[in-house]
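Written out below as structure tokens is the structure these notes cover.
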Amino acid sequence: MRIALVCPYDFAAPGGVVSHITHLSGELEARGHTVKILAPASKESLITQHNLIAIGRPVPVPSNGSVARISLSLWRERTVKSVLREEAFDIIHLHEPLAPVLPLTVLYHSEAVNVGTFHSYSERTYRYRMSRHVLQPLWDKLDVRIAVSAPAMHYISRVFPGDYRIIPNGLDVDYFAQDVPPFDAFNDDKLNILFVGRLEKRKGLRYLLEAFGRLKWDYPYLRLIVVGPGSPGKECFQIMAERNLQDVVFVGGVHRDALRRYFRTAHIFCAPSLGKESFGIVVGEAMASGKPIVASNIAGYASIMTDGQEGFLVPPKDSHALALALERLVLDPGLRSRMGEDGRITAQNYRWGHVADQVEACYQEAVGKVLVRQ
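Sequence positions in the sequence shown follow the working numbering and run -2 to 371.
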């Protein structure tokens, strides 16, 4: 089949949806399909994706407590129509199909079989409710609808009720499970707690810093490694200054190969996000790396891990509970090892091959629905 994977986000910027589409493309091509990726791109020269068709220039737009880099190029409609006509896709698989502007434009002009995957989660649905009447005809054009988790399905179905298939994000399990060397700079007698994520408020770093401050006094051999782009922000700097926190290392954004080594360097992984996570890819990567986890008990994380099995789930914004859970793992190497191994087992459920099997089945289902209508 000739398949289009449509992404609303800047394909030159790292992110969960971009990663999802990249891996899914590879799996589908390995199965003999012809795949093209349609996405905006800010730096085409830096993108190695061989099958990308870049459409539109992305701009930063506040979204769901973060910043989404999407294209608002309404004048690209002619380009979209030309690409769809020349490529003659059998399947158009839109990721965040109701996101502006590229997915909406492609869906509007599509004459192919349409599949949509919804990735986002939020407690509030006002964005969809405000535009429901405009978006309803486009939602109706989707022959099969997918959500990456139960929380993501609950979010979209509150405004657009209907049948959804839950197919999770995939994980490159073997990549993160490889026995790569830890970083020499952190391979000493200290115990490393790892945070990975963009340095924005919704990722909850300030609460981890507060918890680390509680623990550091009693366990001076602890170290916190913070991996991710951005600035920690005024609140985080204030916490570190007031408590004179030592052994907090900010390494910035890193390449995927380096991220794998940071997971190997860590003894404990911590994800203190405040919410708005539909799945939690980074938690899955930590599990594939065999690391015990302390994470916020939010919908996206609770959908991929079980409290007391791969790690501990604690209330968000609760630095005291976060410190207590971290302390249990700090003091018990055996527990760290057991939870890390349980995480490796759980991560097997999210192998890309398994995910691609389910996506292919959805494609066949969508084709069948169209044939019945005809």
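We put the beta carbon where it would ideally sit given N, CA and C, even for glycine.
Given the structure is predicted, the values throughout are model-derived calculations rather than measurements.
Using only CA atoms, which one of the options lies nearest to residue i?
| i | options | result |
| --- | --- | --- |
| H47 | V364, V32, L99, P94 | V32 |
| H252 | I301, G12, C4 | G12 |
| S154 | I164, R126, V177 | R126 |
| A149 | D329, E282, T114 | T114 |
| S146 | V156, K273, A358, S70 | K273 |
| R(-1) | D87, R73, K40 | D87 |
| R335 | H264, P59, R75 | H264 |
| R124 | A96, Y216, N294 | A96 |
| L321 | T303, W136, L310 | L310 |
| F260 | H17, L71, L191 | L191 |
| P226 | G249, A238, E207 | G249 |
| R257 | R211, K288, V367, E84 | K288 |
| P269 | A36, L206, H92, R325 | L206 |
| A36 | A9, V280, V58, E26 | A9 |
| E282 | K366, A238, Q175 | Q175 |
| L91 | G297, V156, Y152, S22 | S22 |
| I342 | K366, G308, I34 | G308 |
| G297 | P57, A238, H30, S119 | S119 |
| P94 | L139, H106, P57 | L139 |
| N166 | H30, S117, S107, S68 | S117 |
| S228 | I295, A238, R195, E239 | R195 |
Which value, in whole angstroms, describes the spacing of the CA atoms of residue i and residue j?
| i | j | result |
| --- | --- | --- |
| V3 | D185 | 45 Å |
| F276 | C267 | 15 Å |
| P179 | T262 | 5 Å |
| L188 | W349 | 32 Å |
| H20 | D254 | 16 Å |
| I301 | L368 | 36 Å |
| E24 | G337 | 27 Å |
| N241 | H17 | 40 Å |
| D354 | Y360 | 10 Å |
| R75 | T45 | 26 Å |
| G210 | D244 | 10 Å |
| T102 | V112 | 15 Å |
| S79 | V64 | 30 Å |
| E362 | I50 | 27 Å |
| R73 | A344 | 40 Å |
| L104 | N346 | 31 Å |
| L332 | F183 | 22 Å |
| C280 | K366 | It is worth fixing the name first, because residue 280 is Val in this sequence and not Cys. Approximately 36 Å between the Cα atoms of the pair. |
| R162 | D181 | 45 Å |
| H420 | S107 | In the structure as shown, the chain starts at -2 and stops at 371, and residue 420 therefore has no counterpart that could be examined. |
| E239 | S286 | 34 Å |
Buried or exposed: which applies to residue i, given that a residue is buried once 16 or more other Cβ atoms fall within 10 Å of its Cβ?
| i | result |
| --- | --- |
| F234 | exposed |
| K213 | buried |
| R28 | exposed |
| V223 | buried |
| R142 | buried |
| G230 | exposed |
| R370 | exposed |
| A358 | exposed |
| P312 | exposed |
| P217 | exposed |
| I236 | buried |
| A85 | exposed |
| A208 | buried |
Please check the pair residue i and residue j, which I expect to be a contact at CB under 8 Å, by giving their CB distance rounded to whole angstroms.
| i | j | result |
| --- | --- | --- |
| R66 | D7 | 4 Å |
| P100 | P5 | 5 Å |
| I52 | V77 | 6 Å |
| R220 | V246 | 7 Å |
| V110 | V364 | 5 Å |
| I290 | M284 | 7 Å |
| S293 | L271 | 7 Å |
| D329 | Q306 | Between Q306 and D329 the Cβ distance is about 15 Å, and since that is not below 8 Å, they are no contact. |
| I164 | V327 | Not really, about 36 Å apart at Cβ, beyond 8 Å. |
| V415 | S70 | Lying outside -2 to 371, the shown extent of the chain, residue 415 is not represented and no answer is given. |
| P59 | S39 | 17 Å between Cβ atoms; not a contact. |
| T122 | V156 | 5 Å |
| A144 | I89 | No, A144 and I89 are not in contact; Cβ-Cβ is about 18 Å, not under 8 Å. |
Does any residue of chain D have a CB that is nearer than 8 Å to the CB of residue i?
| i | result |
| --- | --- |
| D304 | In the structure shown, chain D does not exist; there is a single protein chain. |
| Below 8 Å, can you find three or more Cβ-Cβ pairs linking the region 132 to 152 to the region 314 to 325? | Verdict: no, contact absent.
| Should the region 160 to 171 be called in touch with the region 193 to 201, which here means at least 3 C-beta pairs below 8 Å? | no
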